[in-house]
Amino acid sequence: MKILVVNAGSSSLKYQLIDMQTEAVLAKGGVERIGIAGSLLKAKGNGKEKVYTQDMPNHKIAIELVLKALQDGEIGVIKSMDEIDAVGNRIVASGEYFKKTTLVTPEVLKTLEEKTFELAPLHNPAAATGLKACIEVMPKTPMALVFDTSFHQTMPEKAYMYGIKYEDYKEYGVRKYGAHGTSHKFVSQEAAKYLGKQPDKLKIVTCHLGNGSSISAVDCGKCVDTSMGFTPLAGVLMGTRSGDIDASAVEFLARKKGLNHADTVTYLNKQCGVAGISGVSSDFRDLIAGEESGNERCALALDMFAYQTKKFVGAYAAAMGGLDCIVFTAGIGENTPTVREDVCEGLEFLGVKFDKAANDRKNDGTVHEISAKDSKVKVLVIPTNEELVIARETAELL
74 MKILVVNAGS
84 SSLKYQLIDM
94 QTEAVLAKGG
104 VERIGIAGSL
114 LKAKGNGKEK
124 VYTQDMPNHK
134 IAIELVLKAL
144 QDGEIGVIKS
154 MDEIDAVGNR
164 IVASGEYFKK
174 TTLVTPEVLK
184 TLEEKTFELA
194 PLHNPAAATG
204 LKACIEVMPK
214 TPMALVFDTS
224 FHQTMPEKAY
234 MYGIKYEDYK
244 EYGVRKYGAH
254 GTSHKFVSQE
264 AAKYLGKQPD
274 KLKIVTCHLG
284 NGSSISAVDC
294 GKCVDTSMGF
304 TPLAGVLMGT
314 RSGDIDASAV
324 EFLARKKGLN
334 HADTVTYLNK
344 QCGVAGISGV
354 SSDFRDLIAG
364 EESGNERCAL
374 ALDMFAYQTK
384 KFVGAYAAAM
394 GGLDCIVFTA
404 GIGENTPTVR
414 EDVCEGLEFL
424 GVKFDKAAND
434 RKNDGTVHEI
444 SAKDSKVKVL
454 VIPTNEELVI
464 ARETAELL
């Protein structure tokens, strides 16, 4: 079985074709600047790479070009579209309308468009556009929706509810949904494999740390809490996102800065986080360089990020009544040793015994243990693979 995984943005589209028998990536690539001058496709397959440059005014043309690349005589890996058994489409937000991976039907598509767009206005409309393009180009191929929020649907009410009127929760669906679920699911399962234990025997905190960051408590293989909330704005401060902040402080800032509601949300999403604190960058490599050169604001941004992440680790250990493993993943989690060290510093009381030499070893793309051999709590660095989770769930659905 071959599954095509599609992750569509408003002007971009990333894809992978995965052979589910071996879980090998046969081909992958990305389309840039859809609907914008200078659009192109960078495609890899057959051990080669090729760049296609042509006007792509919409996602349908982009999908057609992706299929052309998959069948290309030079880099192609299939002879016809009939070899693609299904398409797995990444969708950020499901609300309470979809609890798990779902096969696309006209009714499902209608619910997606009418009920979930306002939950992820930057992501879901773009994903739906890519989905409809896939349906138009491959009308007989099964389409699956795989949601970033699905893994978090196992949270109990006490974890996902906000302290608002219950009637308003029921009427508007305002609650914690989380994000990065496919990543948290993948690395928690990989951690169990590495430790040689069944997931239902472990209490794991997974730290997906990137430009967008979230931390999850995974108890016995199920998510019981996560740091992101109604939207991906909540939790720790991130590249340009504020993270958790008092609602009254938001109103105060809006009034003082003369911002309307939409502009305030944009401010919190685009102008805050470590970029706003440091005044330098949202890129942690720039922050570390700034700290090393004596920039106190860069140092403060890094300290805040590690401190807030550490608080979630401790809180989730308390929520689960124990801790067996901490996992770091995503761009920062996999590639920034100083952040990992700062997060783990002071967690000795939980049973964490850190190995600085192992932590400083260069990431080689495999599972990497950075705790001491006699550490009660294992600390692992695990490269995430969200596309593989999407392919697995699509195949399982079929």
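If you count the sequence shown from 1, you need to add 73 to reach our numbering. Backbone N, C-alpha and C define an ideal beta-carbon position, used for all residues, glycine too. Please read all numbers here as calculations on a predicted model, not as lab measurements.
| Query | Result |
| --- | --- |
| Going by beta carbon distance, what residues of the same chain come within less than 7 Å of residue 87, once the five residues before and after it are set aside? | 80 and 103 |
| Three-state secondary structure (DSSP) at residue 281? | strand |
| State the beta-bridge partners of residue 77 as determined by DSSP. | 90 and 160 |
| Using a 10 Å radius around the Cβ and a threshold of 16 neighbouring Cβ atoms, would you call residue 258 buried or exposed? | buried |
| Roughly how many angstroms separate the alpha carbons of residue 228 and residue 128, rounded to a whole number? | 45 Å |
| For the segment 259–272 against the segment 366–380, are there 3 or more C-beta pairs whose distance is under 8 Å? | no |
| Under the three-state reduction of DSSP, which class applies to residue 301: helix, strand or coil? | coil |
| Can you check the segment 322–369 for any alpha helix (DSSP H) of at least 4 residues that lies completely inside it and give the ranges in chain order? | 334–343, 346–351 and 357–365 |
| Closer than 8 Å is the cut-off here; do at least three beta carbon pairs connect the segment 163–171 with the segment 185–199? | yes |
| If you draw a straight line from the C-alpha of residue 225 to the C-alpha of residue 134, how long is it? | 34 Å |
| If we require 3 or more residues per run, which beta strand (DSSP E) segments fall completely within the segment 201–242? | 216–220 |
| Which residue from 143, 314 and 389 puts its Cα closest to that of residue 420? | 389 |
| Is the beta carbon of residue 426 closer than 8 Å to that of residue 397? | no |
| Within 10 Å of its beta-carbon, does residue 90 have 16 or more other beta-carbons around it, so buried, or fewer, so exposed? | buried |
| What are the start and end residues of the beta strand (DSSP E) that includes residue 125? | 121–126 |
| Enumerated in chain order, which unbroken segments of the beta strand (DSSP E) with a length of 3 residues or greater are wholly contained in the segment 380–409? | 398–402 |
| Quick check on residue 317: does DSSP put it in helix, strand or coil? | coil |
| In this structure, what does DSSP give as the bridge partners for residue 427? | 444 |
| I need the boundaries of the beta strand (DSSP E) containing residue 264, first residue and last residue. | Not the beta strand (DSSP E): residue 264 falls in the alpha helix (DSSP H), residues 254–268. |
| Per DSSP, what kind of secondary structure is residue 175 in: helix, strand or coil? | strand |
| Would you call the segment 345–353 and the segment 297–314 in contact, with 3 or more CB pairs under 8 Å? | yes |
| Please state if the CB of residue 261 and the CB of residue 272 are separated by a distance shorter than 8 Å. | yes |
| Ordered along the chain, which non-local residues of its own chain (more than five positions away) have a Cβ less than 7 Å from that of residue 105? | 85, 112 and 113 |
| Note down the Cα distance separating residue 291 from residue 452, rounded to an integer number of angstroms. | 14 Å |
| Assuming the contact rule is C-beta atoms closer than 8 Å, residue 522 and residue 414 should be a hit. Round their C-beta distance to whole Å, please. | Limits of the chain in this structure are 74 at one end and 471 at the other, which puts residue 522 out of reach. |
| In terms of DSSP beta bridges, what is residue 98 paired with? | 91 |
| Give the straight-line distance between the Cα atoms of residue 342 and residue 380, rounded to the nearest whole angstrom. | 20 Å |
| Count the C-beta pairs between the segment 242–254 and the segment 283–301 that are closer than 8 Å, then say yes if the count reaches three, no if not. | yes |
| Can you give me the C-alpha to C-alpha distance between residue 185 and residue 139, rounded to a whole angstrom? | 24 Å |
| Measuring from the CB of residue 466, is there a heavy atom of the ligand MN at a distance below 7 Å? | Summarising the ligand content, the structure contains no ligands, and the ligand MN is consequently not present. |
| Confirm, please, whether the CB-CB distance from residue 155 to residue 75 is below 8 Å. | no |
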